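These protein sequence lines are chains A and B, in that order.
Note that the first sequence covers residues 22 to 318 in this note's numbering.
Note that the second sequence covers residues 30 to 310 in this note's numbering.
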Amino acid sequence: MLTVPVLFGVATLVFSLIHLIPGDPAQAMLGETAPQADVDELRHRLGLDRPLLEQYLAFLSGAVRGDLGTSLRTGEPVVGQVASRVPATAELAAAAMIVALLVALPLGIAAAVWRGTAIDASATALALAGVSIPNFWLGPLLAIVFAVELGWLPVSGRGTLAHLVLPAISLGGALAAILARMTRATLLEELREPYVQAARGRGASRARAVLRHAFRNSLIPIVTLLGLQFGAVLTGAVITETIFAWPGIGRLLVQSIGFRDYPLVQGCILFIAVTYVAVNLVTDLVYGVLDPRIRFE
Amino acid sequence: MTSEAPPHGARALRTVQTFNVGAGIVGLAVLAAVVGPAIAPFDTASQDLALRLTGPSLRHWFGLDELGRDILSRVLAGARISLLVGLVVVSISSAVGVCVGSVAGYFGGRVDEALSRIIDVLLAFPGLLLAIAMVAVLGPSLSNVVIALSLIGWVGYARLVRGQVLRARELEFVQAARALGASTPRVLLRHVIPTALPAVSVQATLGMGGAILAEASLSFLGLGVQPPTPSWGTMLNYGRIHLLDAPHLTIFPGLAIAVLVLGFNFLGDGLRDALDPAARR
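Listed below in structure tokens is the structure:
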């Protein structure tokens, strides 16, 4: 179980962020023109005047208890502010992953089954294009076409299902491309296995042999990739939320960077990183369900 | 491509084509970066405020931006920034990654244990998030982008090289070199590390695309290259404000990023297939 030392390392990195600020962190947060008394007060409030080890231990024990200090700008607890943004980001990330799966699985399966045909070539080209198109370009392009020109969908904000469509496609596009390539590659490998031929020999239809037998066994690398790519989805959300004014953690992060609200920056980063570690742990556990041969001690 | 098995069949041909298309795109971008300023129709800073936000025309092929600057000239200049960031980040990351990975893999034991834990922690962070965090505290600038991307970039190379070195350590010719009394640095440099270089070169090519994309992402968020330096990400960031009235501000710099990253992905894929025909599917 590597999770505990990794979480410890993640927390340590997030703690050290504030100490990477060139010069005096308190001065940097308040700006060069801030009165010395205010700077001293902030330094004291953040505990920056205490020995480093003491600050570190206080940060760790606070993080464990769910206390990450207060926002410099609003004075509200960081944890509360981050928590209030979780539903929006979770909604966006889930929708993006659903979009990615809905696009990638049929595309990857079709490319593998009709390997070497025009379908395969176009699926592969589409997948490569998807990997190369940055979401901060795809998002505005989608907005130009579907919101500005056609007027079918809202250009920004959160509320209805229609608001979710463009951000989800924009965020899920790259993931769909990566997943489609992986699905094609792993399914091709499985289709060469004798058990698929055996299933066909026993009278299973082609569709059944592909979907029930081969595809099921190619799920492990797909799930692994999905877990590993979750980090990219969360990071991508920072950009997508900025483009579409989506009120999630990513937007909160970018806004707090702009305001030099470093406790809030730390809170957002810590939350995203811990979520990523947790998702990777869940991915590992899902293996056991997908493949009974894999069991954890 | 000298070590490549003779291509045969449509599949092998397609591989070569992928490589060629990638090489063509990257070659054009390098050309734009080198001679761009000389062939650009306008200076990147010269303004024509009366024509600001005007769309593409015969005089200004890509149109003009919010300050009336020629977008084509700025896109050409942006190629230099993108390639420079990619090259520096990949050089630093791969050099550090190869050193750390080969030390961890070759010596094993506690050294490996300690280095692997550091690698695990850094891999536990989504890379770009860590870069965002670092640039947020260090301050937005081109050099801080390079520092942040290099600090996260080496980890992938280290893990790759560690695995390759672990395998190479047991190879007969490496054992023979050790038995013949070759020093550890010599064994590593002459025998072990060269076995990892094909994989590193593939990762470095794909890494160029990744670094260019990451720089553009940071600049898009306002955390990277600062105006008036023409960076594709920064141009997209400012284009966002004029999405409704001047979409050409968004279209051309984005197209440049997508095409160049596609070029490096093609090149990397082609290289991988050429170096490892077994992986070719």
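Where a beta carbon is used, it is the ideal one built from N, C-alpha and C, also for glycine.
Fair warning: this is a prediction, and the values are worked out from it, not measured in the lab.
Next on the checklist: I need the DSSP call for Asp-45 (chain A), collapsed to helix, strand or coil.
Outcome noted: Position 24 of the first sequence, counted from the first residue, corresponds to residue 45 (chain A). Coil at Asp-45 (chain A), not helix or strand.
Checklist entry - So which residues on chain B does Pro-242 (chain A) lean against when the C-beta distance must stay under 7 Å? => result For the purposes of this step, residue 242 (chain A) is taken as residue 221 along the first sequence, with counting starting at 1. What Pro-242 (chain A) touches in chain B: nothing, since even the nearest Cβ is about 13 Å away.
Checklist entry - Looking at the C-beta of Thr-204 (chain A), does it have a partner C-beta in chain B at a distance below 8 Å? => result For the purposes of this step, residue 204 (chain A) is taken as residue 183 along the first sequence, with counting starting at 1. Not an interface residue.
Checklist entry - Pro-214 (chain B) bridges to which residues according to DSSP? => result As a position in the second sequence, residue 214 (chain B) is number 185, starting the count at 1. Paired residue(s): none; Pro-214 (chain B) is not in a bridge.
Next on the checklist: Looking at chain B, is there any beta carbon in it that lies within less than 8 Å of the beta carbon of Val-31 (chain A)?
Outcome noted: Here the question's residue 31 (chain A) lines up with position 10 in the first sequence. Yes - at least one Cβ of chain B is within 8 Å of the one on Val-31 (chain A).
Checklist entry - Using a C-beta to C-beta distance shorter than 9 Å, which residues of chain A count as neighbours of Gly-56 (chain B)? => result The sequence position of residue 56 (chain B) within the second sequence is 27, counting from 1. Within 9 Å Cβ-Cβ: nothing; Gly-56 (chain B) doesn't reach chain A, min ~17 Å.
Checklist entry - What residues in its chain sit with their C-beta under 6 Å from that of Asp-141 (chain B), if we drop five residues either side in the sequence? => result In the second sequence, residue 141 (chain B) corresponds to position 112, counting from 1. Counting only Cβ-Cβ distances below 6 Å, and skipping sequence neighbours, we find Ala-133.
Checklist entry - Interface residues of chain B around Gly-252 (chain A) at Cβ under 7 Å? => result Within the first sequence, the letter at position 231 stands for residue 252 (chain A). Under the 7 Å cutoff, chain B gives Pro-155.
Checklist entry - Based on Cα-Cα distance, which residue from A:Val-298, A:Ala-84, A:Ala-220 lies nearest to Ala-235 (chain A)? => result Stepping through the first sequence from its first residue, residue 235 (chain A) is reached at position 214. Considering only alpha carbons, the answer is A:Ala-220.
Next on the checklist: At the 8 Å Cβ level, is Ser-239 (chain A) part of the contact set with chain B, yes or no?
Outcome noted: Start at 1 with the first residue of the first sequence, and residue 239 (chain A) comes out as number 218. Nearest CB-CB separation between Ser-239 (chain A) and chain B: not below the 8 Å threshold.
Checklist entry - For Asp-99 (chain B), which residues does DSSP report across the bridge? => result Here residue 99 (chain B) is taken as the residue at index 70 of the second sequence, counted from 1. By DSSP's assignment, Asp-99 (chain B) forms a beta bridge with B:Leu-93.
Item to check | CA-to-CA distance, Leu-278 (chain B) to Leu-174 (chain A), given in whole angstroms | outcome: By 1-based counting over the first sequence, the position of residue 174 (chain A) is 153. By 1-based counting over the second sequence, the position of residue 278 (chain B) is 249. One Cα belongs to Leu-174 (chain A), the other to Leu-278 (chain B), and the distance between them is close to 22 Å.
Next on the checklist: Counting beta carbon pairs with one atom in the stretch 184–203 of chain A and one in the stretch 287–300 of chain B, are three or more of them shorter than 8 Å?
Outcome noted: Segment contact: the stretch 287–300 of chain B against the stretch 184–203 of chain A, fewer than three CB-CB distances shorter than 8 Å; contact not assigned.
Next on the checklist: With a threshold of 8 Å between beta carbons, is Tyr-297 (chain A) in contact with chain B?
Outcome noted: Counted from its first residue, the first sequence places residue 297 (chain A) at position 276. Yes, contact with chain B.
Checklist entry - What number of angstroms, rounded off, separates the C-alpha of Leu-28 (chain A) from the C-alpha of Pro-155 (chain A)? => result What you label residue 28 (chain A) is simply residue 7 of the first sequence in a count that begins at 1. What you label residue 155 (chain A) is simply residue 134 of the first sequence in a count that begins at 1. About 30 Å.
Checklist entry - the stretch 278–308 of chain B: which residues have C-beta closer than 9 Å to a C-beta of chain A, in chain order? => result Going along the stretch 278–308 of chain B in chain order, one finds Thr-279, Ile-280, Pro-282, Gly-283, Leu-284, Ile-286, Ala-287, Val-288, Leu-289, Val-290, Leu-291, Gly-292, Phe-293, Asn-294, Phe-295, Asp-298 with a Cβ nearer than 9 Å to chain A.
Checklist entry - Closest by CA to His-184 (chain A), which one among A:Leu-163, A:Ala-195, A:Met-203, A:Leu-196? => result Reading the first sequence from its first residue, position 163 is the one you call residue 184 (chain A). Of A:Leu-163, A:Ala-195, A:Met-203, A:Leu-196, the residue nearest in Cα terms is A:Leu-163.
Checklist entry - Whole alpha helix (DSSP H) runs in the stretch 54–139 of chain B with 4 or more residues, listed along the chain? => result Under the rule that a run must span 4 or more residues, the alpha helix (DSSP H) segments found entirely inside the stretch 54–139 of chain B read 100–136.
Item to check | Where Thr-256 (chain A) meets chain B, residues with beta-carbon distance less than 8 Å | outcome: The sequence position of residue 256 (chain A) within the first sequence is 235, counting from 1. Under the 8 Å cutoff, chain B gives Pro-155, Gly-156, Leu-157, Leu-158, Ile-161.
Checklist entry - Would Val-310 (chain A) be called buried (16 or more neighbouring beta carbons within 10 Å of its own) or exposed? => result The count along the first sequence starts at 1 and reaches residue 310 (chain A) at position 289. It is exposed - the Cβ of Val-310 (chain A) has fewer than 16 other Cβ atoms within 10 Å.
Checklist entry - Taking only beta-carbon atoms, is Arg-310 (chain B) less than 8 Å away from chain A? => result For the purposes of this step, residue 310 (chain B) is taken as the residue at position 281 of the second sequence. With a pLDDT of only 46 at Arg-310 (chain B), under 50, the local geometry of the prediction cannot be trusted, and the value read off the model is given with reservation. Cβ-Cβ to chain A under 8 Å: yes for Arg-310 (chain B).
Next on the checklist: Checking the sheet assignment: what are the DSSP bridge partners for Thr-91 (chain A)?
Outcome noted: Here residue 91 (chain A) refers to the residue found at position 70 of the first sequence. For Thr-91 (chain A), which the question treats as bridged, DSSP gives the partners A:Pro-98.
Item to check | Short CB-CB distance (under 8 Å) between Val-149 (chain B) and chain A | outcome: What you label residue 149 (chain B) is simply residue 120 of the second sequence in a count that begins at 1. Per the sequence shown, the amino acid found at residue 149 (chain B) is Asp instead of Val. It does; some Cβ of chain A falls within 8 Å.
Checklist entry - Cα-Cα, which of A:Ile-241, A:Ala-133, A:Gly-178 is closest to Leu-308 (chain A)? => result For the purposes of this step, residue 308 (chain A) is identified with residue 287 of the first sequence, where counting begins at 1. Here the sequence assigns Tyr to residue 308 (chain A), which means Leu is not the residue at that position. Nearest C-alpha to Tyr-308 (chain A): A:Ile-241.
Checklist entry - Which full runs of the alpha helix (DSSP H) of 4+ residues lie inside the stretch 124–190 of chain A, going along the chain? => result Counting only runs of 4+ residues, the alpha helix (DSSP H) found wholly inside the stretch 124–190 of chain A occupies 139–153, 156–163, in chain order.
Next on the checklist: Quick check on Ile-119 (chain A): buried or exposed, where buried means 16 or more other Cβ atoms within 10 Å of its Cβ?
Outcome noted: Residue 119 (chain A) sits at position 98 when you count from the first residue of the first sequence. Only exposed fits Ile-119 (chain A), as fewer than 16 other CB atoms lie within 10 angstroms of its CB.
Checklist entry - Closest Cβ-Cβ distance between Glu-318 (chain A) and chain B: below 8 Å? => result Your numbering for residue 318 (chain A) matches position 297 in the first sequence. Residue placement at Glu-318 (chain A) is flagged as unreliable, the pLDDT there being 44, under the threshold of 50; a coordinate-derived value is accordingly withheld.
Next on the checklist: Would you say Met-30 (chain B) lies against chain A (beta-carbon separation less than 8 Å)?
Outcome noted: As a first step, residue 30 (chain B) must be located in the second sequence, where it is residue number 1. Note on Met-30 (chain B): pLDDT 40, under 50, position unreliable in the model; no value is reported.
Checklist entry - Nearest to Val-117 (chain B) by CA position, among B:Glu-244, B:Pro-276, B:Asn-266, B:Phe-281, is which residue? => result Here the question's residue 117 (chain B) lines up with position 88 in the second sequence. With distances taken between Cα atoms, Val-117 (chain B) lies closest to B:Glu-244.
Checklist entry - chain B beta carbons: is any one of them nearer than 8 Å to that of Trp-158 (chain A)? => result Walking along the first sequence from the start, residue 158 (chain A) turns up at place 137. With respect to chain B, the C-beta atom of Trp-158 (chain A) has a partner C-beta closer than 8 Å.
Next on the checklist: Quick check on the DSSP output: the alpha helix (DSSP H) that includes Gly-68 (chain A) runs from which residue to which?
Outcome noted: Taking the first sequence and counting its residues from 1, the one referred to as residue 68 (chain A) is at position 47. For Gly-68 (chain A), there is no enclosing alpha helix (DSSP H), as DSSP marks it with neither H nor E.
Item to check | Presumed contact (8 Å Cβ cut-off) between Ser-179 (chain B) and Ile-121 (chain B), rounded CB distance | outcome: Your numbering for residue 179 (chain B) matches position 150 in the second sequence. Your numbering for residue 121 (chain B) matches position 92 in the second sequence. Contact annotation, Ser-179 (chain B) with Ile-121 (chain B): C-beta distance approximately 4 Å; criterion of less than 8 Å satisfied.
Next on the checklist: How far does the alpha helix (DSSP H) with Ser-260 (chain B) in it extend, from its first residue to its last?
Outcome noted: Translated into positions along the second sequence, residue 260 (chain B) becomes position 231. Run containing Ser-260 (chain B): none; DSSP gives neither H nor E here.
Item to check | Residues near Arg-301 (chain B) by beta carbon distance below 6 Å, same chain, minus five either side | outcome: Position 272 of the second sequence, counted from the first residue, corresponds to residue 301 (chain B). Once the five neighbours on either side are set aside, the close Cβ partners of Arg-301 (chain B) are Val-231.
Next on the checklist: Can you tell me whether Leu-41 (chain A) is buried or exposed? The criterion is at least 16 other CB atoms within 10 Å of its CB, across all chains shown.
Outcome noted: In the first sequence, counting from the first residue as 1, residue 41 (chain A) sits at position 20. Exposed, since its Cβ has fewer than 16 Cβ neighbours within 10 Å.
Next on the checklist: With three or more beta-carbon pairs closer than 8 Å as the criterion, would you say the stretch 281–290 of chain B touches the stretch 98–117 of chain B?
Outcome noted: Enough Cβ pairs lie closer than 8 Å, so yes.
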